[in-house]
């Protein structure tokens, strides 16, 4: 799967079904791997931090979570790229896992959200093997970290859905690559949406790169500053990259 550079981050290309099939292949290898579901916020965090940039670029797959990145790939490289969002991947992987007898371990979020997911999953995916664990909200000791690795590996899951928020979940997956023998996927807020705790933006907003605005409406106190600063910086940096790649190259 070819990756293309947006700002300082390498983003995987491919249609939705192609990427989903690649994720399934990773799970069946029974090796340690991790997948980043990348959005504008993540790319700005990556741009600011060399360490986080390395984590994102070393991911086995790094999908364009929203339309801004899919459109950026079109503008920069002429690629007709699908949006590969965590909110779509999560239920699709659960559905396939039930059919193919694959198991899922969900790590992160809250007990309330996880309980709602279990209830809903029992109705939608009756045969799905699903285990959940919400870690304590504190700095874990070395022993506690080791116990969590032991707990997850003992279940032998094919997938580990990680929901700790960006950039914590990506750092957690990178730290545990080689320790957890599963395909780890950073899904963040997708768990809350699936649980019904939060609503997803209407499709017309998704298709027009306005999903962030819908999220802002739901949680303005927490998100307004992040989106204002992050989105503005992304636009400035993207324009700079666009000029270098699409305009200056014409005169080379």
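Numbering (our numbering), first residue to last: 1029 to 1280.
Beta carbons: idealized from backbone N, C-alpha and C, even for Gly.
Residue 1190 has 1135, 1214 as its beta-bridge partners, per DSSP.
The three-state secondary structure of residue 1168, taken from DSSP, is coil.
For residue 1130, same chain residues with a beta-carbon under 6 Å away, outside a window of 5 residues either side, are 1186 in chain order. DSSP lists 1091 as the bridge partner or partners of residue 1065. With a 10 Å radius around the Cβ and a threshold of 16 neighbouring Cβ atoms, residue 1134 comes out buried. Around the CB of residue 1136, 16 or more other CB atoms lie within 10 Å, so the residue is classed as buried. Taking 8 Å as the cut-off, the beta carbon of residue 1269 is found no closer than this to the beta carbon of residue 1052.
In this structure residue 1092 is buried. Its beta-carbon is surrounded by 16 or more other beta-carbon atoms within 10 angstroms. Contact between the region 1057-1070 and the region 1181-1198 is present: three or more C-beta pairs spanning the two stretches fall below 8 Å.
Boundaries of the alpha helix (DSSP H) around residue 1051: 1044-1057. Distance between residue 1172 and residue 1204, taken at the CA atoms: about 14 Å. Using a Cβ distance threshold of 8 Å, residue 1029 and residue 1089 count as a contacting pair. For the set 1077, 1115, 1159, 1042, the Cα lying nearest the Cα of residue 1218 is the one of 1115. Inter-residue distance for residue 1066 and residue 1154 is about 30 Å (C-alpha atoms, whole angstroms). In this structure, residue 1189 sits near residue 1118, with a CB-CB distance shorter than 8 Å.
By the neighbour-count criterion, in which a residue is buried when 16 or more other Cβ atoms sit within 10 angstroms of its Cβ, residue 1094 is buried.
Listed in chain order, the non-local C-beta contacts of residue 1101 below 8 Å within the same chain comprise 1032, 1034, 1039, 1041, 1092, 1107, 1109, local neighbours out to five positions each way being set aside. Boundaries of the beta strand (DSSP E) around residue 1038: 1037-1040. Beta-carbon to beta-carbon, residue 1132 and residue 1156 are separated by about 7 Å, close enough to satisfy the 8 Å threshold. Setting aside the 5 residues that flank it on each side, residue 1105 is surrounded in the same chain by 1032, each with a C-beta closer than 7 Å to its C-beta; the list follows chain order. For residue 1267, the secondary structure class from DSSP, reduced to helix, strand or coil, is helix. Residue environment for residue 1240: buried (at least 16 other C-beta atoms within 10 angstroms of its C-beta).
Here residue 1144 carries a helix assignment [DSSP, helix/strand/coil].
Look at residue 1199 here: in three-state DSSP terms it is helix. Around the beta carbon of residue 1230, fewer than 16 other beta carbons lie within 10 angstroms, which makes this residue exposed.
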